[in-house]
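Undergrad: Quick note on numbering: full-length UniProt numbering labels position 40 of the sequence shown as 40, and the sequence is numbered without any gaps. Ideal Cβ placement from N, Cα and C applies to all residues, glycine included. I have a structure I would like to understand better, so I am pasting it below and will then ask my questions one at a time.
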Amino acid sequence: SSTIESKFKHVWYNINLSPPFSQYTEKQGLQLGLVGWVKNTYSGTVVGQVQGPADKVERMKVWLSKEGSPSSRITKANFANQRTIDKLELSGFKTRF
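Following this line, the structure appears as structure tokens:
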């Protein structure tokens with residue numbers, strides 16, 4: 001039987017902010033040892049997906065919703081499709097264009 005510690009967490013995010021901060025998001029994800037991707041949208045939001053140990057994903061969610069880049073002003077953070085996964089489905093942490 002697997003323990004809760006061996007599980008990973010998955011989450012999609014959509015952040016409304018000014019200005020977008022994809023390069024900071026990528027750096028933060030890598031620092032936390034997470035996998036995923038980030039993309040600036042034409043509507044001025046940042047969207048992406050992140051996977052990793054649940055505690056690290058939660059730390060990333062706090063960073064995305066409250067901190068962000070030094071010059072960003074976050075107005076709204078949405079997290080969706082949060083679920084526990086048995087193994088990582090992504091590799092690396094990349095900025096998509």
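Whose CA, out of E89, F97, K87 and L34, lies closest to the CA of K61?
TA: Residue L34 is the option with its Cα nearest to K61.
Undergrad: Any idea what DSSP makes of G29, helix, strand or coil?
TA: In the structure shown, G29 sits in a helix (DSSP, three-state: H, G or I).
Undergrad: Among F97, Q51 and T45, which residue has its Cα nearest to the Cα of L90?
TA: Comparing Cα positions, the closest option is Q51.
Undergrad: Just tell me which of H10, K7, Y13 and E26 has its CA closest to the CA of S69.
TA: Comparing Cα-Cα distances from S69 to each of H10, K7, Y13 and E26, the minimum goes to E26.
Undergrad: Among the candidates T95, T75, Q28 and D86, whose CA atom is the shortest distance from the CA of H10?
TA: It is D86.
Undergrad: Between the Cα of L17 and those of W63, R83, N81 and T84, spot the shortest distance and give me the residue it belongs to.
TA: Comparing Cα positions, the closest option is W63.
Undergrad: Can you tell which of K66, W37, Q28 and S71 has its C-alpha closest to the C-alpha of K56?
TA: Measuring from the Cα of K56, the nearest candidate turns out to be Q28.
Undergrad: Less than 8 Å separating the beta-carbons of F93 and G44?
TA: For F93 and G44, no; Cβs fall outside 8 Å.
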